[in-house]
Ligand code: HEC
């Protein structure tokens, strides 16, 4: 019985790992295809991903404010990064991804 439980726990761990992987890859891919055009090089004053100084004051505004900017746009930043097909949850995940590389 104990062995069976261990097997079940191991199976659960494997399933969670494989379920999370494609998502992270998809987020990174969407960032690369949609957002990196401006955010990789810092085009038009976009905060460059990886540039901690550029992100610090933005991160200080709090995530909800950054999510709102990503969804609705701000100044030269187009709504949804110019990709209307992106869902709010995807945009939030990409913002988290960008912040994660810039803090
Ligand atoms: C056409 C260029 C462009 C693209 C594409 C773009 N951005 Fe931006 N982004 C900008 C600019 C410019 C700013 C700075 C706006 C400002 O002056 O505060 C910005 C700012 C931001 C900010 C900070 C907003 C704030 O309130 O401080 C976030 C978050 C962001 N972009 C997320 C994204 C995400 C996510 C994507 C892809 C889905 C994306 N951007 C695609 C140009 C772009």
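Residue numbers (the working numbering): 7 to 109. Glycine included, each C-beta is placed from N, C-alpha and C at the ideal position.
Enumerate in chain order the residues of its own chain whose CB-to-CB distance from residue i is below 7 Å, with the five nearest sequence positions on each side excluded.
i, result
"residue 107", "55 and 56"
"residue 62", "none"
"residue 50", "44 and 82"
"residue 34", "103"
Thinking just about the alpha-carbon of each residue, which of the options is nearest to the one in residue i?
i, options, result
"residue 60", "46, 73 and 70", "46"
"residue 93", "104, 65 and 36", "36"
"residue 109", "89, 65 and 38", "65"
"residue 80", "95, 52, 91 and 99", "52"
In the DSSP assignment, find the unbroken alpha helix (DSSP H) run with residue i in it and report its ends.
i, result
"residue 117", "In the structure as shown, the chain starts at 7 and stops at 109, and residue 117 therefore has no counterpart that could be examined."
"residue 106", "94-106"
Here's a check: name, in chain order, each residue in its chain whose Cβ is nearer than 8 Å to the Cβ of residue i, leaving out the five neighbours to either side.
i, result
"residue 101", "69, 72, 73 and 76"
"residue 105", "61, 65, 69 and 72"
"residue 97", "73, 76, 77, 86 and 87"
"residue 58", "108 and 109"
Less than 8 Å between the CB atoms is what I'm expecting for residue i and residue j, so what's the real figure, rounded?
i, j, result
"residue 38", "residue 89", "No, residue 38 and residue 89 are not in contact; Cβ-Cβ is about 12 Å, not under 8 Å."
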